[in-house]
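Enquirer:
Residue numbers (the working numbering), protein chains in the order written: chain A, 32 to 386; chain B, 35 to 403; chain C, 66 to 203.
See below:
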């Protein structure tokens with residue numbers, strides 16, 4: 032796979048095999064606390080990503096034991112080695128970010144972050160990771176960012192796109208302050224902690240409907256960051272929308288642009304066309320890529336973005352969005368493709384450049 | 035120095051902008067007491083003392099106030115007699131129906147609060163009252179206007195009774211259901227109501243809005259109207275996904291759905307995403323066809339508020355993807371963000387497409403003429 | 066060939082006031098901002114609304130979220146429909162347009178300004194006061 036050789040994979044999912052694996056990576060209080068409550072027996076999977084759902088578990092990537100993505104040697108054999116990956120950014124999907132108690136959430140996030148450093152980053156120099164944070168506590172999240180900022184293998188702060196508050200809200204600003212200070216983009220990953228139904232339309236029945244809604248969730252999250260002035264307040268902050276599907280973005284930009292022209296006076300700090308702000312500050316991983324059928328369709332949609340610097344390559348391993356080695360979605364124009372595989376990631380994640 | 039960047043001299047409508055079907059027109063009451071003649075004594079008193087209570091903290095009005103008075107009305111549509119925009123039929127004729135020789139105007143009364151009232155018996159009574167009021171104040175004196183049947187989803191018997199009562203009445207064109215409800219419309223509990231709509235020959239119109247009590251976005255409550263306005267699209271998308279994924283159209287093949295005031299440029303990407311995701315999760319949602327096929331067969335969209343692509347021509351591609359036979363022109367008179375038929379499209383439509391979008395799609399769907 | 070037209074006596078339009086008149090078949094709005102007169106064609110460049118009948122407002126500015134400032138008191142005109150804001154003095158709109166061509170225009174944020182000026186513009190008309198009459202040139 033010439034095109035993926037040396038590429039930067041911006042979304043790969045190591046899975047915590049079980050909660051017991053986190054215990055050695057927690058301090059003695061929380062280790063005992065977990066055991067007291069029997070929490071080491073639970074899985075802490077996100078209901079937004081049921082581990083065995085076909086879309087989350089490509090059959091030939093599903094091990095005999097443990098959840099897909101829980102084995103480093105599998106990951107190396109399945110994607111890193113065959114693709115010739117240069118760097119892969121690990122985003123752990125885990126309910127540590129969903130637990131209601133801020134302190135428990137923070138403790139479990141610490142556990143996951145320590146675990147990923149020891150079990151993954153220490154064992155394969157190609158790997159980098161995002162910092163899991165308790166996103167409903169701006170303060171505790173900032174503390175966790177500060178704690179890990181010195182380890183430059185942590186390159187991003189991970190949040191779920193849909194949680195308790197829209198991400199632009201001022202309560203979240205300590206997170207952005209800390210992230211900006213340390214050159215860490217905010218990774219908003221598709222999905223939800225389901226504090227709320229996927230929209231004001233209420234709770235649907237199926238994972239299918241939920242998964243579809245993750246794209247809408249991104250649009251709401253993006254408009255929140257914009258409207259609340261996060262891009263003004265934190266001028267060096269970049270945001271990566273991970274696993275969003277991408278093709279929803281042009282229509283959302285058009286709609287937000289239009290609203291802004293008439294409603295600007297409510298948010299007077301938004302002093303530029305929203306689409307221009309997004310082009311400067313927002314990036315998207317390109318797996319999955321919800322492409323139109325037929326030749327040329329995808330190129331037409333991507334052209335509507337108005338920038339070839341927004342897309343970031345990702346395998347989204349072990350989620351099932353492609354078969355065989357076809358990790359790069361077909362139909363992406365050549366010029367965009369070159370930038371997508373390496374350059375855009377280097378420009379987005381400053382820490383990837385550091386020696 | 036004068037810089038004219040576009041031709042601003044069109045002041046009278048041209049032939050191509052006349053005679054359309056306006057698929058979204060908003061009638062208003064002069065005062066809430068306008069509904070009293072259509073309410074029993076018990077509900078009159080309830081209206082006057084308790085009033086409509088929906089799932090929000092503010093009793094009347096929006097927690098996300100609009101940017102212009104009257105909860106977001108165009109500033110030049112205030113009648114001189116003191117009523118709100120949309121309450122004066124004479125002005126509606128001057129500014130819309132006669133000005134453009136409108137063929138038909140499909141009413142979407144966002145008044146009365148019937149659908150969202152927590153007291154479902156009051157809601158059912160208000161639904162009937164608003165239906166009667168539409169006829170008395172608008173459709174009877176002005177036959178170009180067509181009413182939409184108001185119902186309360188959460189009172190199944192009353193909803194079905196009202197739908198069946200209005201079936202066959204040519205003054206009514208569709209059943210109006212707000213997209214923001216307790217549960218998405220594809221959920222089993224609403225199936226009988228949807229079946230009644232189809233059996234009565236009514237499309238359902240999902241006019242954006244409603245107060246469900248659920249946060250406006252899946253990530254919680256936004257701060258600003260700047261966010262609230264586009265967030266309506268998200269609940270509409272939820273409903274499209276729900277109706278499709280729950281197999282409603284396999285069960286009720288005659289059901290037709292109009293998405294009103296949600297814009298439409300988001301439709302193609304939703305279809306692609308639904309198809310792609312469904313490929314992996316078919317076992318969970320065993321549908322007879324791909325989701326985008328249901329979208330093409332069962333959904334129509336109204337044009338307002340028309341998205342404004344950065345390159346105007348991209349609009350043509352969007353319409354091509356949706357299918358020009360599914361797009362129906364609407365003004366949203368008299369709201370602030372209404373579209374004027376002369377200027378709404380920033381790109382020239384072919385004659386065929388203009389015919390379909392301005393007239394024929396709506397005439398066919400609503401079986402007018 | 067432009068000609069001059071008397072549209073009002075100067076004291077007919079007090080400061081903060083306006084008058085809509087028709088000149089050579091076109092409606093224009095004449096505005097008095099603290100003794101200076103300006104005129105705009107009464108058509109919004111967005112969708113043709115009667116721009117000059119919109120609210121006369123101040124400019125809202127902000128350097129940072131949560132900070133709100135008012136400047137240019139009474140110098141901004143807001144379209145009665147989609148609420149686009151225009152500078153009465155210049156006709157300049159304060160938002161970017163959706164016109165792809167306009168993207169090739171030079172849009173700069175000048176020092177001291179907090180908004181990007183869009184090249185989308187309402188049509189202005191030259192106005193002068195002569196012997197206490199307001200005169201436009203069209």
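Even glycine gets a Cβ: it sits at the ideal position worked out from N, Cα and C.
How close, in whole Å, do the beta carbons of residue 81 of chain C and residue 97 of chain C come, if the pair is a contact with beta carbons under 8 Å?
Expert: 7 Å between Cβ atoms; contact.
Enquirer: Go to residue 254 of chain A, then tell me how far its alpha helix (DSSP H) extends in each direction, as first and last residue.
Expert: Looking at the DSSP string, the run of the alpha helix (DSSP H) that includes residue 254 of chain A is 238 to 258.
Enquirer: According to DSSP, simplified to helix, strand and coil, what is residue 84 of chain B?
Expert: Residue 84 of chain B falls in the coil class under three-state DSSP.
Enquirer: Residue 196 of chain A touches chain B at which residues, Cβ-Cβ below 8 Å?
Expert: Here the neighbours are 253, 254, 255.
Enquirer: Just to make sure I have the definition right: I need the residues of chain B whose C-beta is within less than 7 Å of the C-beta of residue 289 of chain A. Which are they?
Expert: Going along chain B in sequence order, the residues near residue 289 of chain A (Cβ under 7 Å) are 339, 341, 342.
Enquirer: Tell me whether residue 170 of chain A is buried or exposed, calling it buried when 16 or more other Cβ atoms sit within 10 Å of its Cβ.
Expert: Counting Cβ neighbours within 10 Å, residue 170 of chain A comes out exposed, since fewer than 16 surround it.
Enquirer: On a CA-only basis, which of B/55, B/209, B/304 is nearest residue 290 of chain B? Give me that one, please.
Expert: Closest by alpha carbon: B/209.
Enquirer: For residue 136 of chain A, does the three-state DSSP call read helix, strand or coil?
Expert: Here residue 136 of chain A sits in helix by DSSP.
Enquirer: Taking CB distances under 8 Å as the criterion, tell me whether residue 383 of chain B reaches chain A.
Expert: Not closer than 8 Å to any Cβ of chain A, the Cβ of residue 383 of chain B fails to qualify, so no.
Enquirer: Which residue comes first and which comes last in the beta strand (DSSP E) that contains residue 85 of chain C?
Expert: Unbroken beta strand (DSSP E) run through residue 85 of chain C: 83 to 88.
Enquirer: Taking the C-alpha atoms as reference points, what is the distance between residue 77 of chain B and residue 156 of chain B?
Expert: Each residue's alpha carbon lies about 7 Å from the other.
Enquirer: Could you compute how far the alpha carbon of residue 73 of chain B sits from the alpha carbon of residue 204 of chain B?
Expert: Cα to Cα, the separation comes out at about 23 Å.
Enquirer: Enumerated in chain order, which unbroken segments of the beta strand (DSSP E) with a length of 3 residues or greater are wholly contained in the region 164 to 191 of chain B?
Expert: Listed in chain order, they are 179 to 184.
Enquirer: Along chain A, which residues have their Cβ under 8 Å away from the Cβ of residue 190 of chain C?
Expert: Residues of chain A passing the Cβ test: none, with the nearest at roughly 24 Å.
Enquirer: Count the other CB atoms within 10 Å of the CB of residue 104 of chain C; is the residue buried (16 or more) or exposed (fewer)?
Expert: Flag for residue 104 of chain C reads buried.
Enquirer: Taking any Cβ of chain A, which residues in the region 100 to 121 of chain C have a Cβ under 7 Å from it, in chain order?
Expert: The region 100 to 121 of chain C vs chain A, Cβ under 7 Å: nothing.
Enquirer: Please classify residue 346 of chain A: does DSSP put it in a helix, a strand, or coil?
Expert: Coil at residue 346 of chain A, not helix or strand.
Enquirer: Does any C-beta atom of chain A lie closer than 8 Å to the C-beta of residue 329 of chain B?
Expert: No, residue 329 of chain B lies away from the interface with chain A (no Cβ there is under 8 Å from its Cβ).
Enquirer: Going along the region 131 to 145 of chain C in order, which residues come within less than 9 Å of chain A, judged by CB to CB distance?
Expert: Cβ contacts with chain A: 131, 132, 133, 134, 143, 144.
Enquirer: Can you tell which of C/73, C/199, C/117 has the C-alpha that lies nearest to the C-alpha of residue 153 of chain C?
Expert: Taking only the C-alpha atoms, the option nearest residue 153 of chain C is C/117.
Enquirer: Looking at residue 105 of chain A and residue 90 of chain A, is the spacing between their C-beta atoms short of 8 Å?
Expert: No.
Enquirer: Nearest to residue 82 of chain B by alpha carbon, out of B/303, B/89, B/71, B/319?
Expert: Nearest C-alpha to residue 82 of chain B: B/71.
Enquirer: Please identify the residue among A/209, A/64, A/272, A/101 whose C-alpha is closest to the C-alpha of residue 172 of chain A.
Expert: Of A/209, A/64, A/272, A/101, the residue nearest in Cα terms is A/209.
Enquirer: What residues are listed by DSSP as bridge partners for residue 153 of chain B?
Expert: DSSP lists no partner for residue 153 of chain B.
Enquirer: How long is the line joining the alpha carbons of residue 314 of chain A and residue 65 of chain B, rounded to whole angstroms?
Expert: One C-alpha to the other measures close to 50 Å.
Enquirer: Quick one: Cα of residue 46 of chain A to Cα of residue 175 of chain A, how far?
Expert: Residue 46 of chain A and residue 175 of chain A: Cα-Cα distance of roughly 20 Å.
Enquirer: Taking all protein chains shown into account, do 16 or more other C-beta atoms lie within 10 angstroms of the C-beta of residue 120 of chain B, making it buried, or fewer, making it exposed?
Expert: So residue 120 of chain B ends up on the buried side.
Enquirer: Where DSSP assigns a beta bridge to residue 363 of chain B, which residues make up the other side?
Expert: Paired residue(s): none; residue 363 of chain B is not in a bridge.
Enquirer: To the nearest angstrom, how far is it from the Cα of residue 64 of chain A to the Cα of residue 54 of chain A?
Expert: Cα-Cα distance, rounded: 10 Å.
Enquirer: Terminal residues of the continuous beta strand (DSSP E) containing residue 376 of chain A?
Expert: It is not in any beta strand (DSSP E) - residue 376 of chain A instead sits in the alpha helix (DSSP H) that spans 375 to 379.
Enquirer: Determine the extent of the alpha helix (DSSP H) in which residue 260 of chain B is found, giving its start and end residues.
Expert: Start and end: 259 to 279.
Enquirer: Would residue 148 of chain C pass as an interface residue toward chain B - the criterion being a Cβ-Cβ separation below 8 Å?
Expert: Interface residue, yes.
Enquirer: Where does residue 34 of chain B sit, in a helix, a strand or coil, going by DSSP?
Expert: Nothing can be reported for residue 34 of chain B: it is not among the residues displayed for chain B, which extend from 35 to 403.
Enquirer: Could you tell me whether the Cβ atoms of residue 220 of chain A and residue 149 of chain A are closer together than 8 Å?
Expert: Not closer than 8 Å, so no.
Enquirer: Strictly by DSSP, which residues pair up with residue 224 of chain B?
Expert: For residue 224 of chain B, which the question treats as bridged, DSSP gives no partner whatsoever.
Enquirer: Does the beta carbon of residue 299 of chain A come closer than 8 Å to any beta carbon on chain C?
Expert: Chain C contact via Cβ: present.
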